[in-house]
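For what it's worth, our numbering labels the leading residue of the sequence shown as 157, then goes sequentially.
Quick reminder that beta carbons are idealized off the backbone N, C-alpha and C, glycines included.
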Amino acid sequence: MFQEERMQLIIEHLRKHNRISVEEIGSLFDVSRDTARRDLIKLEEQDSIIRTRGGAILPSPPQEFRSYKDRLLYVSEEKRAIGKLAAAIVRQGEHIILDASTTVQACAENLNGKSCTVITNSMHSADLLSNHASVEIRLLGGKVDKEQRYVYGAPVIETLSHYYVDKSFIGIGGLTMDGFSASEEEGKIKYRMMQAAKQVIVLADHSKFNKRYGYRFADWSLVDILITNQWPSPEWRTFLAEQQVEILIPEPTEDKEL
157 MFQEERMQLI
167 IEHLRKHNRI
177 SVEEIGSLFD
187 VSRDTARRDL
197 IKLEEQDSII
207 RTRGGAILPS
217 PPQEFRSYKD
227 RLLYVSEEKR
237 AIGKLAAAIV
247 RQGEHIILDA
257 STTVQACAEN
267 LNGKSCTVIT
277 NSMHSADLLS
287 NHASVEIRLL
297 GGKVDKEQRY
307 VYGAPVIETL
317 SHYYVDKSFI
327 GIGGLTMDGF
337 SASEEEGKIK
347 YRMMQAAKQV
357 IVLADHSKFN
367 KRYGYRFADW
377 SLVDILITNQ
387 WPSPEWRTFL
397 AEQQVEILIP
407 EPTEDKEL
């Protein structure tokens, strides 16, 4: 087998299994440790991998931050179903926090005039809910991110530290068994929102599992409910049971076409 073929197969293995060791390369392709190391060195020179002690992993994909308007155009049916289920567990008269993620904005869309108080840093959700006379809105004050349509900064974090609410609904950029990650600015706000609530509900579709962003802001000890669009792996279900996190899945929509 030529080196180029072997290197391509190493990349395919990494895409399936996330990491590979020098020993695994030797066993899979019947080559020496020195040959395996040379393969990894060449792949690293091509920026295809990151070498680790005894093996390699794939580099993280570049993070793409689209404007809030662009992200709203790509809110999937899965996210809309997650948001609808989240709204269904809001009770009349509750005080809730909604963060500025698009999945949580789908929750706001489905509150359907419930009598509740909403605290948010999302300008879009505040505007959306202003059409519901029974919803009291408290838009947090701070710096305005015009592209992402949310309010941020020290005043937001300080104000949140004085609130006690029934539920916080938090959208996640990435989640692993180590915890939750997002951009640093968003992460600090989300963490304070989680601390303010009696019950924390995380909204995350299946694509967010096993992904990391630059800033880890909280762990699973703060979370009560995870709403996602499909059942996670057995390993994840065991982990979430150990963390005493309840999993909620929207019911599948029926295809009405004959």
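Query - Backbone secondary structure at F158 - three-state DSSP - result: Shown here, F158 sits in coil according to DSSP, grouped into three states, outside any helix or strand.
Requested in this report: With a cut-off of 8 angstroms on the beta carbons, I'd call L404 and F365 a contact; round off their distance for me.
Outcome: Contact flag wrong, Cβ pair sits at about 15 angstroms.
Requested in this report: Keeping to the same chain, check which residues put their C-beta closer than 6 angstroms to that of D375; ignore five residues upstream and five downstream.
Outcome: G335
Report task. Give me the Cα-Cα distance between I166 and R193, rounded to the nearest whole angstrom. Result -> Roughly 12 angstroms between the two C-alpha positions.
**Report entry** Rounded C-alpha distance that separates A237 from I313
**Finding:** 29 angstroms
Query raised in the report: Any idea what DSSP makes of R294, helix, strand or coil?
Result: strand
Query - Close beta carbons around V178, own chain, < 8 angstroms, minus the five adjacent residues each side - result: R189, A192, R193, L196, G210 and G211
Query raised in the report: Helix, strand or coil for I405 per DSSP?
Result: Looking at I405 - three-state DSSP - the assignment turns out to be coil, as it is neither helix nor strand.
Query raised in the report: So V178 is in the alpha helix (DSSP H); what residue range does that whole segment cover?
Result: V178 to F185
Query - Local conformation of K323 per DSSP, three classes - result: strand
Query raised in the report: In terms of residues, what are the limits of the beta strand (DSSP E) holding R189?
Result: From DSSP, R189 is part of no beta strand (DSSP E) but of the alpha helix (DSSP H) over R189 to E201.
Query raised in the report: Helix, strand or coil for L229 per DSSP?
Result: At L229, the pLDDT of 46 sits below 50, so the modelled position is not reliable; the number obtained from the coordinates is stated separately. Helix.
Query raised in the report: Helix, strand or coil for H251 per DSSP?
Result: strand
Query - Segment limits, beta strand (DSSP E) that includes L382 - result: I381 to I383
Query - Of the residues S183, F373, M279 and Q164, the one placed nearest E303, counting alpha carbons only - result: The alpha carbon of E303 has as its nearest neighbour, out of S183, F373, M279 and Q164, the alpha carbon of M279.
Query raised in the report: Should R327 and F373 be called a contact, given that it needs their Cβ atoms to be closer than 8 angstroms?
Result: Per the sequence presented here, residue 327 reads as Gly, with Arg not at that position. In this structure, F373 does not lie closer than 8 angstroms to G327 by Cβ.
Query - Bridge partners - D301, DSSP secondary structure assignment - result: Y306
Query raised in the report: If you count every other CB in all the chains shown that lies within 10 Å of the CB of K261, and 16 or more means buried, which is it?
Result: According to the sequence displayed, residue 261 carries Gln and not Lys. Its Cβ being crowded by 16 or more others within 10 Å, Q261 is buried.
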